[in-house]
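Student:
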Amino acid sequence: MQDVDLDALAQRVNEHQRKGLAMRKLTLEYPELTVEQAYRIQALAVERELAAGDRLIGWKMGLTSRAKQVSVGVDEPIYGRLLGAMELKTPILSVTGLVHPRVEPELALVLKGRLEGDSITPRDVWRATECVVPALEVIDSRYENFSFTLVDVVADNASSSRFYLGEQGFSPYHTQWDEVGVVVRKNGTVVQTGAGAAVLGHPVRSVVMLAQMLAREGLALEPGMVILTGGITEAVSVAPGDRLQVAFDGLATLELRVE
Ligand code: 0L1
Ligand code: MG
Numbered sequence: 001m002q003d004v005d006l007d008a009l010a011q012r013v014n015e016h017q018r019k020g021l022a023m024r025k026l027t028l029e030y031p032e033l034t035v036e037q038a039y040r041i042q043a044l045a046v047e048r049e050l051a052a053g054d055r056l057i058g059w060k061m062g063l064t065s066r067a068k069q070v071s072v073g074v075d076e077p078i079y080g081r082l083l084g085a086m087e088l089k090t091p092i093l094s095v096t097g098l099v100h101p102r103v104e105p106e107l108a109l110v111l112k113g114r115l116e117g118d119s120i121t122p123r124d125v126w127r128a129t130e131c132v133v134p135a136l137e138v139i140d141s142r143y144e145n146f147s148f149t150l151v152d153v154v155a156d157n158a159s160s161s162r163f164y165l166g167e168q169g170f171s172p173y174h175t176q177w178d179e180v181g182v183v184v185r186k187n188g189t190v191v192q193t194g195a196g197a198a199v200l201g202h203p204v205r206s207v208v209m210l211a212q213m214l215a216r217e218g219l220a221l222e223p224g225m226v227i228l229t230g231g232i233t234e235a236v237s238v239a240p241g242d243r244l245q246v247a248f249d250g251l252a253t254l255e256l257r258v259e
């Protein structure tokens, strides 16, 4: 087993996240890094932001679709941490400080109750949910060419970068979330389509799984937190000048301007 200074790696990841600089995969240098160590690097990198004044406001689940899992060669989703500074208050994305941003439509849950433990059920999730919100996640891998292993991407906070929550929240009982259809248009052309079922069969399962994964670390989902449940379609690359129009059938259409 290689001797690894996890704090030094967290500092490296954090600096690249802050500056929006691409870096080589950690696993090229440390091929024996484990997923557990990668989550530790993620936590240590985020702690640097918290020490600098940011706030943990939620969690994201990533690699929740079979297609994404296959592309990274894994069977299980991953999670990342959402910070206050990541939230776009208006649907305008500046690519300054980003490496190679991509946008994906998601359903976000805003919690009003606490979820803790490995025996959480979908019913527990709904009871603890204030509302469901159509959302856009901007992912941005800090690795060269958006290429990484599971360990690398976990260490890089599951490619977390920015997110935007639509203005209208919906009751958790408003509709069948697995059946919500989504159409993504880029500059007027349809580039992706999908349905809520792309997220582990039903987005609520993503939150159940997140609670289970966090329970292993002694962590819980707290009231007020935002949970990004996972991409409903493949992520779409964006560049300055692009306009995305993302229609969540029967709910809302979100428009994102990229600058
Ligand atoms: O939110 C996501 O599903 C992204 C997880 C990390 C993989 C990627 O960057 O594509
Ligand atoms: Mg995502």
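Once you know that position 5 of the sequence shown is 5 in the UniProt record's numbering, the rest is easy, because the numbers rise by one and skip nothing.
All C-beta atoms, glycine included, are put in the ideal place defined by N, C-alpha and C.
On a predicted model such as this, the values are computed, not experimentally measured, just so you know.
1. Taking one C-beta from the region 216-232 and one from the region 66-86 each time, how about it: are there three or more such pairs within less than 8 angstroms?
2. Could you tell me if Q192 is buried or exposed, where buried requires 16 or more neighbouring beta carbons within 10 angstroms of its beta carbon?
3. So, helix, strand or coil for G80, using DSSP?
4. Quick check on this structure: which residue in K68, I78, Q69 and R12 has the alpha carbon closest to the alpha carbon of L214?
5. Please report the straight-line C-alpha distance between A239 and L219, rounded to a whole angstrom.
6. Could you tell me the boundaries of the alpha helix (DSSP H) in which E47 lies?
7. Kindly list the residues whose CB is nearer than 6 angstroms to the CB of Q11, restricted to its own chain and excluding five residues on each side of it in sequence; keep chain order.
8. At 3 residues or longer, what runs of the beta strand (DSSP E) sit wholly inside the region 93-123?
9. For E259, does the count of other Cβ atoms within 10 angstroms reach 16, so buried, or fall short, so exposed?
10. Can you check DSSP and say which residues form a bridge with T193?
11. Looking only at C-alpha atoms, which of R24, V133, L88 and V154 sits nearest to L107?
Tutor: So, from the listed chains and residues:
1. Yes: at least three Cβ pairs fall under 8 angstroms.
2. buried
3. strand
4. I78
5. 36 angstroms
6. V35 to A51 is the extent of the alpha helix (DSSP H) around E47.
7. none
8. As far as the region 93-123 is concerned, its whole beta strand (DSSP E) runs of at least 3 residues are 102-111.
9. exposed
10. V183
11. V133
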